[in-house]
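Q:
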Amino acid sequence: MATKPISILLVEDNEGDVLLITDALSEAEFVNKIEIARDGAEAISLLFGIADTNCVALPDLILLDINLPKKNGYEVISSMADNALLRDIPVIILTTSSSEMDIIKAKKLEDYCYIIKPIEIDEYLQVVSKIEEFWISTLISSKTRA
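Under UniProt numbering, the first residue of the sequence shown carries the number 1, and numbering increases by one thereafter.
What follows is the structure, encoded as structure tokens:
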């Protein structure tokens, strides 16, 4: 199912993962722009800068690692929840953490998807497929709430 192209904010500190994720996303027909923040503080600054100025469009979707320098992924989510413009941006937690505590904590969040980063390059294409499914279900869900 094709959908309109979207912009994604990738919040990731590992350069290898940035390359794997951006390469996999470049194969997807639904992505037209990927912006990268290298830590949680940069992501918060970027998001609030956009929200405050309204001169650039907010990302349609955020791919967020949990284990980040400066501010972790949960701190990014918490900061977003306090802002009316940011709280409705869908977030996919894309992390290497398979910690039961992280998974339980993420499940308590509404409308978040938790995906453990794959090890193999080919598996990233499957992850992109899951991201597209999440994005489409988010669009359908938001239309039924409107």
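Positions of the beta carbon are idealized from the N, C-alpha and C atoms, including for glycine.
Mind reading off the beta-carbon distance from Val-128 to Ala-28? Whole number of angstroms is fine, and I expect it under 8 Å.
A: Along the sequence shown, one-based indexing puts residue 128 at 128. Along the sequence shown, one-based indexing puts residue 28 at 28. Indeed they touch by this definition, with Cβ atoms about 5 Å apart.
Q: Taking just the CA atoms, how far does Ser-98 sit from Leu-9?
A: The residue you call residue 9 lines up with position 9 of the sequence shown. The residue you call residue 98 lines up with position 98 of the sequence shown. Going by the C-alpha atoms only, they are around 22 Å apart.
Q: Return helix, strand or coil for Glu-75, following the three-state DSSP convention.
A: Along the sequence shown, one-based indexing puts residue 75 at 75. The answer is helix: DSSP assigns Glu-75 an H, G or I state.
Q: Report back the beta-carbon spacing between Leu-68 and Asp-39 to the nearest angstrom; my notes put them in contact at under 8 Å.
A: For the purposes of this step, residue 68 is taken as residue 68 along the sequence shown, with counting starting at 1. For the purposes of this step, residue 39 is taken as residue 39 along the sequence shown, with counting starting at 1. Between Asp-39 and Leu-68 the Cβ distance is about 5 Å, and since that is below 8 Å, they are a contact.
Q: Check the C-beta distance from Asp-60 over to Ile-6 and give it rounded, since I have them as a contact under 8 Å.
A: Here the question's residue 60 lines up with position 60 in the sequence shown. Here the question's residue 6 lines up with position 6 in the sequence shown. The pair is a contact, with the Cβ atoms about 4 Å apart (cut-off 8 Å).
Q: Quick one: using the 10 Å Cβ neighbour count with 16 as the cut-off for buried, is Ile-131 buried or exposed?
A: As a working mapping, residue 131 is identified with position 131 in the sequence shown. Ile-131 counts as buried, since no fewer than 16 other beta carbons sit within 10 angstroms of its beta carbon.
Q: In whole angstroms, give me the CA-to-CA distance for residue 151 and Ala-24.
A: Any property of residue 151 remains undetermined from this structure, which presents the chain solely from 1 to 146.
Q: Using DSSP with H/G/I as helix, E/B as strand and the rest coil, what is Met-1?
A: Here the question's residue 1 lines up with position 1 in the sequence shown. Bear in mind that the predicted position of Met-1 carries a pLDDT of just 45, short of 50, making it too unreliable to give a figure here.
Q: Where do the N-terminal and C-terminal ends of the beta strand (DSSP E) with Ser-26 fall, by residue?
A: Within the sequence shown, numbered from 1, the residue matching residue 26 stands at position 26. Unbroken run through Ser-26 is the alpha helix (DSSP H), 15–26; no beta strand (DSSP E).
Q: Taking C-beta to C-beta, are Leu-64 and Ala-43 nearer than 9 Å?
A: Translated into the one-based positions of the sequence shown, residue 64 becomes position 64. Translated into the one-based positions of the sequence shown, residue 43 becomes position 43. Going by C-beta atoms, Leu-64 is nearer than 9 Å to Ala-43.
Q: What does the Cβ neighbour count give for Val-56, buried or exposed, with the cut at 16 atoms within 10 Å?
A: Residue 56 sits at position 56 when you count from the first residue of the sequence shown. Classification of Val-56: exposed, given that the 10 Å Cβ count is below 16.
Q: Flag this pair as yes or no: are the beta carbons of Met-80 and Leu-125 separated by less than 9 Å?
A: Counting from 1 along the sequence shown, the entry for residue 80 is found at position 80. Counting from 1 along the sequence shown, the entry for residue 125 is found at position 125. It is not a contact, given that the beta carbons lie outside the stated cut-off.
Q: Taking the straight line between their C-alpha atoms, what separation do you get for Lys-108 and Pro-118?
A: For the purposes of this step, residue 108 is taken as the residue at position 108 of the sequence shown. For the purposes of this step, residue 118 is taken as the residue at position 118 of the sequence shown. Straight-line Cα distance between these residues: approximately 23 Å.
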